[in-house]
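Notes follow the structure.
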Amino acid sequence: HNIDSVCIEALSVTVNDRNLDQATRSLGRLSSEVSRMKASDSERLQREYQNLVNGLVDQGLLEASANEAGFASNVLNPDVINEA
253 HNIDSVCIEA
263 LSVTVNDRNL
273 DQATRSLGRL
283 SSEVSRMKAS
293 DSERLQREYQ
303 NLVNGLVDQG
313 LLEASANEAG
323 FASNVLNPDV
333 INEA
């Protein structure tokens, strides 16, 4: 029983209003940062994909008309972009 009491005491946390307020602010900052990173990664993925398609066109592996017709913008599934 003694070891149980020690473990319970060591792993116990006292939560008060101040702790909750700080945690809420931290979660808000974390959420904002995650949103910013998602937007940044999405833009980067789109740029890299466009560069890839342009490279394929330059090498003659993809017709320029397909690229001009919107091939590059329609191939990436929105779920892929959102996941990035």
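Every letter in the sequence shown is one number past the one before it in this note's numbering, and letter 1, counting from 1, is 253. Even for Gly, the Cβ is constructed at its ideal location relative to N, Cα and C. These numbers were taken from a predicted model, which means no experiment stands behind them.
So what's residue i in DSSP terms, helix, strand or just coil?
i	result
S264	coil
G312	coil
Is there a C-beta anywhere in chain D that falls below 7 Å from the one on residue i?
i	result
Q274	Of the chains in the structure shown, none is chain D; there is only one protein chain.
If residue i and residue j are in contact, beta carbons under 8 Å, what's the gap, nearest whole angstrom?
i	j	result
A316	V305	The pair is not a contact, with the Cβ atoms about 10 Å apart (cut-off 8 Å).
Identify, in the order they occur along the chain, each residue of the same chain with its Cβ nearer than 7 Å to the Cβ of residue i, setting aside the five sequence neighbours on each side.
i	result
R299	none
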